[in-house]
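Quick note: the sequence shown uses full-length UniProt numbering, first residue 1, plus one each step.
Data first, discussion second: the structure below is written as structure tokens.
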Amino acid sequence: MTKPPLTLYLAAPRGFCAGVDRAIKIVEMALEKWGAPVYVRHEIVHNKYVVDALRDKGAVFVEELEECPDDRPVIFSAHGVPKAVPAAAAKREMVYVDATCPLVSKVHIEAERHHSNGLQMVMIGHAGHPETVGTMGQLPEGEVILVETPEDVATITPRDPKKLAFITQTTLSVDDTADVVTALQTRFPAIIGPHKEDICYATTNRQEAVKAMATKTSAMLVIGAPNSSNSRRLVEVGAKAGCTYAQLVQRAADIDWRALDGIDSIGITAGASAPEVLINEVIDAFKSRYDVTEEIVETAVENVEFKVPRVLREPA
């Protein structure tokens with residue numbers, strides 16, 4: 001039987017970013033250095049396939065530091081942790097390695113600098129997301145006000161409207177965040193913004209590639225986990241840019257083939273914590289059903305690399 005033709009647009013860049021690469025490498029190197037088990041507070045990155053693979057190698061994932069024994073190393077996830085967590089680990093004399101993405105750490109440093117200058121922080125982010133919890137936890141209670149939408153800006157009551165600065169979660173939608181920033185600047189003209197955008201280069205690049213891809217096809221799949229903020233934003237960006245069908249799938253088994261019946265083109269991308277093996281799995285699933293022509297939609301080239309902490313580069 002002849003397979004129907006399909007043009008498959010593949011976004012570039014897509015998938016793993018430098019911060020995710022580094023975080024996974026940290027767990028693998030810790031296992032090599034200290035042997036199993038190595039404890040990891042929270043999912044190292046938001047991807048079940050990655051977490052399961054590391055679990056198979058001897059990583060034990062927990063939600064809180066209290067679940068870790070004193071005598072085994074613990075790693076803090078790429079999303080960052082409140083200051084109280086490393087402080088508690090140090091008090092227990094635990095060996096710990098911080099896998100916080102350097103671009104998230106940059107936001108933490110920024111928040112502390114503004115705080116030391118007497119400014120109250122407004123954070124644009126998603127309530128309950130580990131990165132937001134970690135960033136807000138860098139400063140004392142009440143020093144960071146969280147807003148998610150432009151509407152939230154109208155409801156906040158800062159201590160002094162003339163002494164404010166804002167920071168953002170690194171994995172937000174660039175366009176949605178711009179609306180919140182406009183609302184903040186309109187209501188608080190004296191508010192200070194970051195020297196350089198807080199939304200990370202990888203999030204921005206993946207969103208730009210999706211926008212470029214959306215002009216070529218009306219269907220798009222984003223490979224990523226439901227709890228991955230940057231992956232969910234890619235779906236939203238695709239839908240806003242004109243894709244009438246934009247869906248998040250964890251892997252090939254999740255594809256709704258009936259919904260794609262009759263398509264002749266589709267865009268494929270992946271969130272920053274989705275490995276290439278899952279992207280290839282999805283491409284192969286399309287090749288088994290269609291006569292596929294692949295086209296790359298490239299909007300940026302990434303060559304960023306982050307070093308792992310020194311403790312892992314030193315012999316045991």
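Built from N, CA and C at the ideal position, the CB exists for glycine as well.
Being a predicted model, the structure only gives us computed values, none of them experimental.
Judged by their CB atoms, Gly125 and Leu103 are not nearer to each other than the 8 angstroms cut-off. For Val20 and His79, the gap between their C-alpha atoms comes out near 10 angstroms. Nearest to Ile199 by C-alpha distance, out of Ser105, Val292, Ile283, Lys211, is Ser105. Within the segment 159-234, the complete beta strand (DSSP E) runs of at least 3 residues fall at 164-168, 219-223. Around the CB of Pro5, fewer than 16 other CB atoms lie within 10 Å, so the residue is classed as exposed. Distances from the CA of Ala178 to each of Glu197, Pro161, Lys163, His46 were compared; the closest alpha carbon is that of Glu197. In this structure, Leu164 places its C-beta atom within 8 angstroms of the C-beta atom of Leu119. A contact is defined here as three or more CB-CB pairs under 8 angstroms, and the segment 244-251 fails this definition with respect to the segment 299-312. In this structure, Val153 sits near Ala183, with a CB-CB distance shorter than 8 angstroms. At a Cβ-Cβ threshold of 8 angstroms, Ala88 and Ile44 do not count as neighbours. In this structure, Ile223 sits near Val282, with a CB-CB distance shorter than 8 angstroms. In the DSSP assignment, Leu8 falls within the beta strand (DSSP E) that extends over 5-12.
With distances taken between CA atoms, Glu131 lies nearest to His42 out of Ala239, His42, Pro13, Cys243.
Take the alpha-carbon of Leu31 and the one of Ala90: they are about 20 angstroms apart. In the DSSP assignment, Met1 falls outside any beta strand (DSSP E), carrying neither H nor E.
If you draw a straight line from the Cα of Ala316 to the Cα of Pro309, it is about 14 angstroms long.
By the beta-carbon neighbour count (other beta carbons within 10 angstroms, threshold 16), Ala59 is buried. In this structure, the straight-line span from the alpha carbon of Asn117 to that of Glu143 is close to 12 angstroms.
Looking at the DSSP output, Phe76 sits in a beta bridge with Arg41, Asp98.
When the beta-carbon positions are compared, Ile26 and Val107 stay at least 8 angstroms from each other.
Each residue's CA atom was taken as its position, placing Val180 and Asn230 some 17 angstroms apart. Closest option to Gly271, judged by alpha-carbon separation, among Thr7, Asp264, Gly35, Tyr201: Tyr201. Residue environment analysis places Asn47 among the buried positions, since at least 16 neighbouring C-beta atoms fall within 10 angstroms of its C-beta. The alpha carbon of Glu294 has as its nearest neighbour, out of Thr135, Ile109, Lys216, Asp71, the alpha carbon of Lys216.
Counting only the Cα atoms, Ala53 lies some 13 angstroms from Ser273. The beta carbon of Thr244 lies closer than 7 angstroms to those of Ser218 in the same chain, with the five residues before and after it left out. Its chain contains Ser173 as the residues whose beta carbon lies nearer than 7 angstroms to that of Glu236, once the 5 sequence neighbours on both sides are disregarded; these appear in chain order.
Under the three-state reduction of DSSP, Tyr290 is assigned to coil, being neither helix nor strand.
Taking Cys17 as reference, the option from Lys57, Leu278, Pro226, Glu305 with the minimal CA-CA separation is Glu305. DSSP places Thr135 inside the alpha helix (DSSP H), whose first and last residues are 130-136. Here Leu139 carries a coil assignment [DSSP, helix/strand/coil]. Within its own chain, the residues whose Cβ lies closer than 8 angstroms to the Cβ of Thr135, once the five positions on either side in sequence are excluded, are Gly80, Val104, Val107, His108, Ala111, Met123, Gly125, Val144, Ile167, Gln169, listed in chain order. Per DSSP, the unbroken beta strand (DSSP E) holding Val144 starts and ends at 144-147.
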